[in-house]
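In my numbering, each residue's number is its place in the sequence shown (first place is 1) plus 29.
Using N, Cα and C, we set each Cβ at its ideal position, and we do this for glycine too.
Because the structure is a prediction, the values reported are computed rather than measured.
Below is one structure; the comments refer to it alone.
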Amino acid sequence: MRVYLPSSERDSTAIDVTKNYNDSPAGDRDFQWPSVDRSGGTATMTTSMTGHRNDTLTGTSQDVRARRPWVRARGVRIALFVLAAVAVILARPASHHARAASLLVAFSDPTSTPATLTEERLTFTREGEEVPARLYVPTGITKPPGIVLVHGVHHAGIEEPRLERFARAVAAAGVVVMTPAVKELSDYKVAPRSIDTVGAAIEKLRDRLGVEKVGLMGMSFGGGISLLTAADARFAEHVSFVVAVGAHGDLGRVSRFFIEDEIPEPGGATKKLRAHGYGVMVLVYSHVEDFFPAEDVPAARDALRFWLWEKRDDARTAAAKVSPPSKAKLDGLFDVGAPPMKEELLAEIDRHAEEMAKVSPHGHLGAIRANVYLLHGEGDTVIPATETLWLARDVPPARLKTALVSPAIEHVELKSPSVADKWALVRFMGDVIGEAEASR
């Protein structure tokens, strides 16, 4: 098992070769994501570092020979890093990492066109209720592995553009992807029934592919739900591996972060981080009846929903329909956020502590049978990265394969990462692809 900590917590000697490159005046802005050549049916991966003070990795050009000693030393360190990266790639089948690189390129570029695949709309049943889903199938691959991809709390659900782009990228890497519509998550609620939906999706994909097990991957709060599903006795034996991206470990702890802008760390320390205002809105919206009188609840719910949908004018219009005290509360949320309601919000978290615990992976992962991969953005202000560090303690040691906290990710989106962070992501996704292939 590998645990990659945020840069502030890493052993400096372990990252010395990348630190010197990243701290140079030009940084690594000219580093290109690895490109993938599939000609002749073989996947190979190449990288490009261009324009960085005319550096070359061979050290044979006239300007390289004439450099000052510190420049030559820096070139050696860059070369050592590249050699280390190559060693990482060769540690596993190269095709896994090449396809992982291609996947990340496709996801990070909204204009990219993935390899040929087919998309299909379908439905499955959860306790007699039809659930919509999408299926992304790679073409030209015999018996590809499958994975259920669970969206986070967002009203667009499986239609959310980033989720669609990621599903296509994963499918282009050779994996059948199914995205089930989890209506509770689409309505900004983290609820136990979502576990039943994800479990039913697992059964549907298994039947579709004719396999015993499929993989499971969840984004944001969908990551926590995915971990709970993988640990549920009804579904555990049918999950080959689970990947949680930006997941929560304890919903109560995350909810308190929304209010207090503080993060408790596994080691006992507490650090400050300003929470994204989105979290408070989700908390109030999901328990709107506790904050407003009954006659104001419908309009208050609409106002909060529109705000979460980023329809600010519609939110203000809906807020104008409630009583003056309720409007003052909504205006405070819209303009200031949590502070005016701090005590009321903290009391709400205490009141629903048992309910939140039921949808928190913390304390519920002992029965998980699948290998677990955890990925989190270091600067995440919705679900802080410390949640993945807590999860790394909750997952049984024999099941945890990798926990990566990366500055290359912001919540569930790619940022502009450093060279080392790009390679860490390639390695992480390469391991996941290898796990998927091993499960078929």
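- CA-CA distance, HIS267 to VAL401, rounds to 14 Å.
- Put simply, the segment 151-159 touches the segment 219-232. At least three CB pairs are less than 8 Å apart.
- Setting aside the 5 residues that flank it on each side, ASP325 is surrounded in the same chain by VAL351, SER352, SER355, each with a C-beta closer than 7 Å to its C-beta; the list follows chain order.
- Residue GLY175 holds the alpha-carbon nearest to the alpha-carbon of ARG237 among LEU333, GLY175, VAL283.
- For ARG163, the secondary structure class from DSSP, reduced to helix, strand or coil, is strand.
- The continuous beta strand (DSSP E) containing VAL271 extends over residues 268-274.
- Per DSSP, the unbroken beta strand (DSSP E) holding THR152 starts and ends at 146-155.
- A straight line joining the alpha-carbon of VAL274 with that of LEU234 spans about 21 Å.
- DSSP places PRO209 outside any alpha helix (DSSP H); the residue lies instead in the beta strand (DSSP E), whose first and last residues are 205-209.
- In the three-state reduction of the DSSP assignment, ALA220 falls in the coil class.
- If you check the CB distance, ILE412 and ALA260 do not come in under 7 Å.
- Taking LEU146 as reference, the option from GLY281, ALA432, ARG197 with the minimal CA-CA separation is ARG197.
- Residue state for SER355 is assigned as helix, using DSSP reduced to three classes.
- Counting along the chain, MET385 sits inside the alpha helix (DSSP H) bounded by residues 382-387.
- Bounds of the beta strand (DSSP E) holding GLY247 are 243-248.
- By the criterion of a C-beta distance shorter than 7 Å, TRP336 is surrounded in its chain by MET310, ALA344, PHE363, once the five residues flanking it on both sides are discounted.
- Nearest neighbour of LEU404 by Cα position, chosen from VAL434, LEU420, THR299, turns out to be VAL434.
- DSSP places PRO327 inside the alpha helix (DSSP H), whose first and last residues are 326-337.
- Per DSSP, the continuous alpha helix (DSSP H) segment holding VAL311 begins and ends at 306-315.
- Comparing alpha-carbon positions, the option among PHE250, GLY186, VAL272 lying closest to GLY459 turns out to be VAL272.
- Where VAL177 is concerned, the enclosing beta strand (DSSP E) starts and stops at 175-179.
- Taking C-alpha positions only, PRO221 is separated from ALA453 by approximately 33 Å.
- When DSSP states are grouped into helix, strand and coil, GLU189 belongs to the coil group.
- Proximity of the segment 237-247 to the segment 373-380 falls short of the contact definition, fewer than three beta-carbon pairs being nearer than 8 Å.
- Annotation for SER215: no beta strand (DSSP E) segment contains it, though the alpha helix (DSSP H) segment containing it runs 212-215.
- 7 Å or more divides the Cβ of GLU416 from the Cβ of GLY251.
- Across the set GLY366, GLY406, MET370, LEU418, the C-alpha of LEU418 shows the shortest separation from the C-alpha of PRO390.
- Taking 8 Å as the upper bound for CB-CB distance, LEU178 and VAL206 are in contact here, some 5 Å apart.
- Annotation for ALA453: no beta strand (DSSP E) segment contains it, though the alpha helix (DSSP H) segment containing it runs 448-467.
- Distance between ARG285 and GLU373, taken at the CA atoms: about 12 Å.
- Around the C-beta of LYS451, 16 or more other C-beta atoms lie within 10 Å, and the residue is accordingly described as buried.
- Taking 7 Å as the cut-off, the Cβ atoms of VAL182 and VAL388 do not count as close.
- Beta-carbon to beta-carbon, PRO425 and GLY395 are separated by about 7 Å, close enough to satisfy the 8 Å threshold.
- Within 10 angstroms of the beta-carbon of PRO368 lie fewer than 16 other beta-carbons, which makes it exposed.
- Counting only runs of 4+ residues, the alpha helix (DSSP H) found wholly inside the segment 388-429 occupies 415-423, in chain order.
- Nearest in C-alpha terms to PHE270, of all of GLU159, ARG194, SER255, ARG263, is SER255.
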